[in-house]
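Worksheet: the structure to be examined is printed underneath.
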Amino acid sequence: MASTCSGVATEPPGLETQRAEIETLMREEELRVGESWYLVDCRWFELWKEYVKTGDQNSPSFPGQIDNTELFENLETYRLKERLVENEDFVLVPAEAWRKLLSWYGMVPEQPALERKVIDLPSTVKVEIYPVEIFLCLHSNMEEVVTEQFSRTDTIYTIQNVMQKQFEVEEDAEPRLWMKSSDTSCERLRNTQMTVLDTCLAPGMTVIMELRNADGTWPSSRPQIMRNSVEEQDTYRGQPGVCGLTNLGNTCFMNSALQCLSNTPPLTEYFLKNLFLGELNFTNPLGMKGEIAEAYADVIKQMWSGRHYSVVPRIFKTKVGHFASQFLGYQQHDSQELLSFLLDGLHEDLNRVKNKEYIELRDADGRPDQEVAEEAWRNHRRRNDSVIVDTFHGLFKSTLVCPECQKVSVTFDPFCYLSVPLPISKERVMEVFFVSLDPLSKPVQHRVVVPKAGKVIDLCTALSQATNIPASQMVVADVFNHRFYKIYQVDESLSCILDRDDIFVYELSSSCVDEEEEEVLLAVYMRERSHYRDYGSGGSNYSTSLFGHPLLMALPQSQCTRDALYQVFLQRLARYVRQPDPAEEVEEEEEEEENGEDNDEEEELYRNQPNGVSGDDIEEDSETAGPSNRVEQPQENTHDVTEDSEEAGTSNTVEQSQENTHGDEQNNAQSEPGSNGAEEEKTEEEESSSEQDRGSSTEEGQSAGGSTDTNSQDAADGEQGAAEASGKEEEEDEEEKDDAEPIAQVNKKAVNRRRCAEKKQKPLFIIQAVNSNGTTERGMADGGNTLSLSSPLYVAIDWDPDMKKKYYNESEAERYDKDQSMKVPQQHTTVQLQECIELFTTVETLEEENPWYCPTCKKHQLATKKLDLWSLPEVLIIHLKRFSYTKYSREKLDSIVEFPLRCLDFSGCLLRKTGTDSEPPSRYDLIAVSNHYGGLRDGHYTSYAQNKDNGRWYYFDDSKVTCAKEEQIVTNAAYLLFYQRQDKIRYPTLPPPDNHIASSNHDSVPGPMDID
Ligand SMILES: [Zn+2]
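My numbering puts the first residue of the sequence shown at 12, with every later residue one more than the last.
Below you can see the structure in the form of structure tokens.
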């Protein structure tokens, strides 16, 4: 602006020609925004007009050199006088006229040309006589202030350039500008393409230039760096790029994706060389006003400064969360989802296309692929042009064929990464517990291989081969919180069973003795009654809680009486339920006789329980059920059994008396007047919510799952139980033993029992009909004498806490064995990356939910679809679709995908012919991997990446970075693969350092550089 020019360059034409040329230019030239006009002193110009009018070269009105002296305040600053008036003080001449006048007359030495721009002010277009005068300074030295004038139409970038020259800023420094008004508030001038007018920079304001620190931070920002100590701040020197990222709470998915991108050379160099500064797109409605790109640049600059062990990407995370609410929280997310969002956000923030035109896409219509592909790519680039497109975008061909009219539709679509499926194994390994009929054998954990699409019967068949038990004698159940979450039918699909489910397979007795008789499937739960009454729910109730393992057994209908069941259970639980010593019985018998008075109380109780159920056969029960039909109650022992047995411990001469023969005819407190009627069968909704709860600890799940309930058994302790558990007939007893208890030991006990059958004894537990949740409900088994006719029939074995402590061996109950199959380490399936890529290009038929509209048939069709790779980008991201979500199943595929570190060759599967001189080769080398460890919902992300400068591999685990060997890289955790085309690989420029950490504090490298 301050350039001067005085010499006469050309011989002027004749005066008449001069007059005509200048007058024409002055008359015809219009004010066009951005063009320059020049101020000329009015008096000089009038003199010149007179001179050319005379037509006399020697006229005394010769004006001489152009002289604007009168327009300046002084001749030192050449600042324009204030309040000059057009056509009184000066005239405005268009640039062409000025150029001519200057060449004919020259200019007074040292004077600057008074060039002014035509600007577009909100209401008018005019020449800007008075530009904006602004103060300029550096953030690092606010004392040194320079005054400069800028047009309202100058961009911030112009100011930045002037400042860089003025303050001699180094060329590779990254500046950012702030505008400060008199009220001291500062505002970032982010968009350097904006004008002085648009940013409201007014005369008298100050523009401050800040330069990024060598460590990647900004002087004015709070450092985003973790440092071990203050002194490390300036002393740490490491390999640029070898820098951890602090986990901000479940942000490993973000850190893993960032490390892969950070180690993508073309992208990182684009940022390190500040090329992004000129391409920030502040106006793209699809972008994020440049904020994601700037925040990303901050992270990259810091990571590649070589001055940090680890960076805290807090601002970046906040920005990501700001623009994509799904990443706002700190829940665990998918690194691929974040990568996809980030690539898209960076692309739009750096899109060189400021105004996207609408482009109508054309179908191929039989045109050659080459033509259609080039057109598609051209159209894509017309709307999308950025470093992301340059680096990561490729093109694939999609071919749809209508099954009805054979219409073929070909389109070419850009992609940013390839999502390739993993071959899904048709087999599945399941771990289940097998519970034998033999009461003395522990459950055995088996690992069996079943068809993935199989049914429950396939699981039974597989287990049958391992156990030699016929599959027809097995029942499969899902056990959760000590109860059956689900009992499976043999024709149900195995996909209903998740790997984390606890699956128990129960052996059932071969068949009923009496073929006529129907068999009942009995589901048996263990419950413990609380010591305390639940006063809150009606006064006389006790709560119960489930414990231990439930059981499944098949019994003839006739054995489903309380008496029979009591014996069956005693035998079935023999491994961990101790039978009382003979001595204990004596004490009990004696006491029974002393304590008859308790019966009154019990009778009273039963009268209050109209829904009582008797323990024995149907005919009798129907007569005796009801409050008034009381039969004499056997005398009960009210003493604590524990005390009894301790006293009786030495008298072992007495025969064991196992039997309890109490109140057969009595109504038992089967149902409960005081029970909570809200305990219904699980609804659909409860089912799903309890499924979510299943991962929680047993105790949480138990209280949430409603497995406690209140029983209305007044005096529901030992003596009550005796009255409830039904007596047992000897014949039944024998029958049952013959049928289900082949074990010698059990038989021996049974003999003992028979001998003492007539003796009365307090039972170890009482039996209750319950629902599938293990809770007792009002009206269950109403009036029935057998427990129920339904199958499965749910019953609970209710223990008094003291009895349980004494007779129930908890640690034995929990024991199980591992089958040989469990000892073989589980093999991971191995597939080749090439197989996954082939699967990607396999013809598939569209699914019902996602049909294709056939333009010929004019309706939706389940077309066949084939994808082919047409062209590949410089950096190819391959997403291994390990997370498989279908209508029927959700799983993580943990196959090992064997991928090459070098020379991944696509020449075989690229449709576009390569290998010619103009085509790049299609061979790729690995540069980074994002890993996912763990299952569907939880897990941890890390990454392997090769440093672009030293060629070494590193393992990035949040803030921890360790050296890695190539042979570590291929694992079944690999999730995202980054490949770079070989022709673009710049071999390392730095020799691999033996110790790339200068700081003496960290001599341990290579090794963990954990700074958490
Ligand atoms: Zn069709």
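Every residue gets a Cβ at the ideal spot worked out from N, C-alpha and C, and that includes glycine.
Short Cβ contact (7 Å threshold) for residue i with residue j
i, j, result
"Glu159", "Arg187", "no"
"Leu988", "Val940", "yes"
"Val459", "Leu448", "no"
"Val1112", "Val412", "In this structure the chain extends from 12 to 1023, so residue 1112 is not present and cannot be described."
"Tyr955", "Ala975", "yes"
"Leu566", "Val516", "no"
"Ala304", "Leu283", "no"
"Tyr965", "Val398", "no"
"Tyr536", "Arg589", "no"
"Met265", "Leu349", "yes"
Whole-angstrom distance between residue j and residue i, CA atom to CA atom
i, j, result
"Arg30", "Lys64", "7 Å"
"Glu22", "Glu93", "36 Å"
"Glu182", "Thr135", "39 Å"
"Trp315", "Arg826", "56 Å"
"Gln250", "Arg963", "10 Å"
"Ala985", "Asn274", "16 Å"
"Phe558", "Phe491", "11 Å"
"Gly25", "Gly66", "8 Å"
"Leu904", "Arg893", "5 Å"
"Glu529", "Met833", "38 Å"
"Val138", "Gly45", "9 Å"
"Ile480", "Glu438", "23 Å"
"Leu887", "Gly298", "23 Å"
"Thr721", "Ile778", "Unreliable placement is indicated for Thr721, whose pLDDT of 41 sits below 50; no coordinate value is reported for it."
"Asp260", "Ala306", "The sequence shown places Gly at residue 260, not Asp. Spanning the two alpha carbons is a distance of roughly 19 Å."
"Val104", "Arg223", "44 Å"
"Ser267", "Met216", "44 Å"
"Gln993", "Ile170", "42 Å"
"Arg913", "Arg934", "8 Å"
"Ser541", "Ala807", "15 Å"
"Lys128", "Trp48", "6 Å"
Rounded distance between the beta-carbons of residue j and residue i, thought under 8 Å
i, j, result
"Pro884", "Gly405", "5 Å"
"Thr279", "Ile311", "6 Å"
"Val102", "Phe56", "5 Å"
"Glu909", "Gln843", "5 Å"
"Arg1033", "Ile370", "The requested residue 1033 does not occur in the structure, where the chain is confined to residues 12 to 1023."
"Arg90", "Glu81", "Actually they do not touch by this definition, with Cβ atoms about 14 Å apart."
"Ser321", "Leu256", "7 Å"
Residue range of the beta strand (DSSP E) that includes residue i
i, result
"Ile888", "886-892"
"Ile980", "Counting along the chain, Ile980 falls outside any beta strand (DSSP E), and DSSP gives it neither H nor E."
"Pro186", "186-191"
"Phe495", "494-498"
"Met205", "Segment: none, Met205 is in no beta strand (DSSP E) and carries neither H nor E."
"His951", "951-957"
Residue-chain proximity (residue i, chain D), Cβ-Cβ < 7 Å
i, result
"Glu302", "Protein chains in the displayed structure number just one, and chain D is not present."
Assigned secondary structure, residue i (DSSP; H/G/I helix, E/B strand, else coil)
i, result
"Cys974", "strand"
"Pro561", "strand"
"Val467", "helix"
"His839", "coil"
"Ser397", "coil"
"Gly255", "strand"
"Gln590", "coil"
"Arg540", "strand"
"Lys300", "coil"
"Cys416", "coil"
"Met220", "strand"
"Gly717", "Because the pLDDT at Gly717 is just 38, under 50, the model does not fix this residue reliably, and the point stays unresolved."
"Arg373", "coil"
Enclosing alpha helix (DSSP H) for residue i [first to last residue]
i, result
"Thr410", "Not the alpha helix (DSSP H): Thr410 falls in the beta strand (DSSP E), residues 405-412."
"Arg110", "106-116"
"Thr169", "167-177"
"Ile33", "26-39"
Check your reading: residues with Cβ closer than 5 Å to ligand 3 heavy atoms: Ligands in the displayed structure: ligand 1; ligand 3 is not one of them.
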